[in-house]
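Worksheet for the structure shown next.
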Ligand SMILES: Nc1ncnc2c1ncn2[C@@H]1O[C@H](COP(=O)(O)OP(=O)(O)OP(=O)(O)O)[C@@H](O)[C@H]1O
Ligand SMILES: [Mg+2]
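Residue numbers (my numbering), protein chains in the order written: chain C, 1453 to 1781; chain Y, 100 to 669; chain B, 123 to 451.
What follows is the structure, given as structure tokens:
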């Protein structure tokens, strides 16, 4: 059995809300290997970000990772490790790029300081050395005149530049795994392409693993070797990227594929699937997708489908795996 | 009260005055005691006095506030002091100060004061008659705008007979001539005033660094407001028992009282009534209650507001005023506001200024009488809210209350309550003092909570309660006139016969009370808090500061600061 | 944008600010000049309970002081005097206005300045501490305390502290700048004496100030605490202290923004503090002077006060620039 870089087993995250507990992430399991790029897709609110944040134990206030959950990163139990060990991990071996580079950066500190801070926290480098490394890194992420830019504040930079700063911050210590949570959503189309290009470059150069969260299956097709599809807090399909595009197993995935945005309408959300995601406080009994599914039958209303093996590396959470004849044309 | 009439036939011979003076020194001055009197009588001690307000100037013609007077009193001397009975007519009760004696002219139109030959200014210069002349000139110079000048109106001039004799010339014969000449002025050093600009006297150096003849001499007035006085060991009246007095400004009474309790201050006056119980329970503090000639009242406006000559629509009727007086239980008001410190006022003259055995009949608290009077005055219909009406007018009065005086506000509230019982409505109008005075001077008011501090000569009676005070800048705010009061006040102030004076004073007071131009509320007495180690004797009704030179601290009671001694630091 | 251009515009902006400031000071002084003279009473008005000074004498005195001239004439004369550096004569203190100012102004500046600094520092620390623990028992206790301090009339608070520390505990002297026998104390005791007398007025103002600033700082910190960059700081592996620093640094911006607004309330606090603790300063003296219709002192005090306020707001602007790069530019 190969040692995985990351193993997530039965991850459950719940929020206590006025309407009762919201099971926002509900039994997610997957693995990642070193150097591998995995895409994590799904509609808004299905639990992608929460899953990612759980890997760093950064679930927002009010949310709790349920006791049975297990996350193993580089053979360490992330959920059980002491704060100190966890802090040594964050930003160093396992780092994260956030979606909104404006608010994710501190507005009153120079970008150079914010990048250098990572070095200062995790290494014994002096402030001067850390600064030099930060400027170097800013150059590597393609920021022109990095020495001057390092002394600027986030508001003085364009959105694309800010995201480059975020990337520099996440990658400066060459982590084993980088989580990029919709790194391009907030950016202009042309900039998006540049950022993705940069990420791919850096990944190839450093050999890091990348968990790429996105709505955009086009991005996934370009970057990832494997895809996880989430719906309503669960992984509903897992497949190598080619297989997923050729022969999607889950009706939800089919829907997503049908909605792949063309280049000129990237910002449109996935609204070709009728209906909306149910509330996390009240998942429907049976299949959580059944109300929006064209193929649903009685079994779907009563029996929750399990993640079933459809091929060697292909798993799908759908009763159609057992009863393919139910699929309508 | 002993009769003594300063007249051609019965003037006080100089020798007698000198004798009386010497006798007084015998019991007053420490240095004259034999050295064997014992440790306990050795002079010494430093006293910290908290002043509830800032003195602005110690230039005596400009002195107006009590805080200023309290400080000026120990540095400067009068020509003579009035006796403890405050009897302006009893010449024998006056004690010589800077004047060792005085002699009436045969026509009683002038008095010659002989200056004490031993007296020296604190800078060493001898005291000369020209000092007295110059002092009078300053006090009465219109450019100085001295608040004291009106009290000197009967003095025509002061002349120098020789360097040791100053002669006061009067405009009219009056029983208060001696009192007027000696009481109102502190004698100033002429040689220090040569360059003083009368129009800007406060700018002269003496204003902040007085040079006097008093038993304490001035040491410093610190930028933070502390004023230090040191015993004048070479004083012609003998050195005071204390070495030093330091005055400190504490504008908030509550804070000053805390300082008294912590021992940071030795003397605070007046205390608040609310703090008396705590003072009684503090072993190192003693409370001395001292009387005064001050009283507080609610003055009615007898004329229609706004300076018209027409009678006030409500208060113009004496029956209404008397009714309101009957409706007032001032005993209860005084207890509630001043506890046992204040004394219910009888009328326009405090008890201690009335002749002994005087029989004054106040308008007693009697609500039945009040109602009957209001009925008879036509205020018969009673509205739904219990307020009486007459021809569609409500029995409603507005009283001006100075915004700074909590006590007057409380008294007004109690009055409001008591009058409601007989169907009269009182509305309180709290005003900033300047605004209140403006309305007072324009006579735009129904009633006002005010007070008067009578001087021992009682001249205030004439300004406040007779037709002489009626003009626009007079003090007869009530616009009260009565031939009986006018005549009796006049003869009180003008007669040379004490028996006549006693009789007319009583008549005047009774007449005013009967006409009820005001509600007499309280005769003020003041509690002073004193550190127990200090023997302050009896505090004078003219002000606690009158006896500071007599205060003493027994040697065995002295604390650290009492042992600083006579040294001063630069 | 060329460097010379921005330099010129900056110089123009500075000039405009100075002109504005001068205008504010002049306006305030003029308003004080006119309003006070229109108010009832004058420096030689009859006092309540006192026999009046004869009208002719008063009129003569007013003529001497040119107080009988038309308002416009008086105003022009006053402007001329001020322009020549002559602030006039204080009828309350019976001394030149400048003499009084030289005495009272430094005292108030020292007291207020130090109290303002401790208030800011204390409030910022306390509020920040609360902001990261919102809802905890400690936070609630502190909030309740600051609310009480905040709503308590200044006079009462001063009296309360006086009773407690001077009377009850006898730890501190009650009032004054120094003890009455200060001049006779040895040098070291004099230093101690001065410091001891400073404590109560300073403490009163500081408690007031801290309670105001802490409340602002708390809500500002709470807000900053929810900002995404706080999560970024955690994801970088910063220890909790470092994370708090990130939030605190940003939360200062709105707090400094209100510091200018707090200033006047501290001034009004100073009036009572100066009275209760017999701290002969600007506030107490000015209130006295208004009551005594000391025209020239009050006008001078208004000039000084509004100049102080303007300088204060310039200082706040400067601090704000330091704290927030976004307003620099
Ligand atoms: N602080 C919170 N309190 C309560 N519920 C929350 C909270 N944060 C997230 N959730 C719940 O968790 C669900 C998943 O949130 P998550 O941010 O992981 O969605 P996502 O898949 O990343 O969506 P998006 O594409 O919009 O980023 C949300 O639908 C919401 O109901
Ligand atoms: Mg998300």
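Ideal Cβ placement from N, Cα and C applies to all residues, glycine included.
Residue 1506 of chain C CB to nearest heavy atom of ligand 4 below 6 angstroms: Of the ligands this structure carries, namely ligand 1 and ligand 2, none is ligand 4.
Ligand 2 heavy atom lying under 6 angstroms from the CB of residue 358 of chain B: no
heavy atom of ligand 1 below 6 angstroms from residue 1502 of chain C C-beta: yes
Integer-rounded CB distance, given that residue 1487 of chain C should sit under 8 angstroms from residue 1661 of chain C: 6 angstroms
Contact with chain C by residue 254 of chain B, beta-carbon distance below 7 angstroms: no
Whether residue 441 of chain Y touches residue 433 of chain Y by CB criterion (7 angstroms): yes
Within 7 angstroms, strictly: CB atoms of residue 345 of chain Y and residue 311 of chain B: no
Neighbour list for residue 322 of chain Y in chain B, Cβ cutoff strictly below 7 angstroms: 225
Inter-residue Cα distance where the pair is residue 579 of chain Y and residue 614 of chain Y: 9 angstroms
Boundaries (first-last residue) of the alpha helix (DSSP H) holding residue 234 of chain B: 219 to 253
Assigned exposure category for residue 395 of chain Y - 16 Cβ within 10 Å defines buried: buried
Nonlocal neighbours in the same chain, by C-beta distance under 7 angstroms from residue 1614 of chain C, ignoring five residues either side: 1553, 1554, 1557 and 1606
Alpha-carbon to alpha-carbon, residue 277 of chain Y and residue 558 of chain Y: 14 angstroms
Residue 469 of chain Y vs residue 425 of chain Y beta-carbon contact at 7 angstroms: yes
Pairwise C-alpha distance: residue 214 of chain B and residue 103 of chain Y: For residue 103 of chain Y, the predicted model reports a pLDDT of 40, less than 50, meaning its position is unreliable and no value from the coordinates is stated.
Contact set for residue 572 of chain Y: own chain, Cβ-Cβ below 8 angstroms, skip 5 residues either direction: 540
Cβ-based neighbour list, residue 385 of chain Y, same chain, cut-off 7 angstroms, excluding 5 preceding and 5 following: 629 and 631
Run of the alpha helix (DSSP H) containing residue 333 of chain B, from where it starts to where it stops: 309 to 347
Residue from C:1516, C:1541, C:1726 and C:1519 whose Cα sits closest to the Cα of residue 1525 of chain C: C:1541
With 16 other Cβ atoms within 10 Å as the buried cut-off, status of residue 216 of chain B: buried
Beta carbon proximity, residue 320 of chain B to chain C, threshold 7 angstroms: no
C-beta neighbour in chain B for residue 1717 of chain C, strict 7 angstroms: Legend: pLDDT at residue 1717 of chain C = 49, less than 50; position of this residue unreliable, no value from coordinates given.
Backbone CA spacing between residue 586 of chain Y and residue 221 of chain Y [nearest angstrom]: 47 angstroms
CA-to-CA distance, residue 590 of chain Y to residue 603 of chain Y, given in whole angstroms: 7 angstroms
Of the listed residues B:324, B:441, B:363 and B:170, nearest to residue 382 of chain B (C-alpha basis): B:441
Neighbour flag for residue 446 of chain B against chain C, beta carbons, 7 angstroms: yes
Proximal chain Y residues relative to residue 281 of chain B, where beta-carbon distance stays under 7 angstroms: 353
Residues that residue 289 of chain B contacts on chain Y, provided the C-beta gap is smaller than 8 angstroms: 357, 360 and 361
Nonlocal neighbours in the same chain, by C-beta distance under 6 angstroms from residue 307 of chain Y, ignoring five residues either side: 320
Contact with chain Y by residue 420 of chain B, beta-carbon distance below 7 angstroms: no
Residue nearest to residue 1468 of chain C in terms of C-alpha spacing, selected from C:1477, C:1689, C:1653 and C:1538: C:1477
Near-chain C residues of the segment 373 to 399 of chain B (beta-carbon distance less than 9 angstroms), N- to C-terminal order: 374 and 375
Any chain B beta carbon closer than 7 angstroms to residue 1704 of chain C: no
Alpha carbon of residue 1600 of chain C to alpha carbon of residue 1616 of chain C, nearest angstrom: 15 angstroms
Proximity below 7 angstroms, CB of residue 158 of chain Y to CB of residue 292 of chain Y: no
Contacting positions in the segment 1655 to 1683 of chain C - beta carbon closer than 9 angstroms to chain B: none
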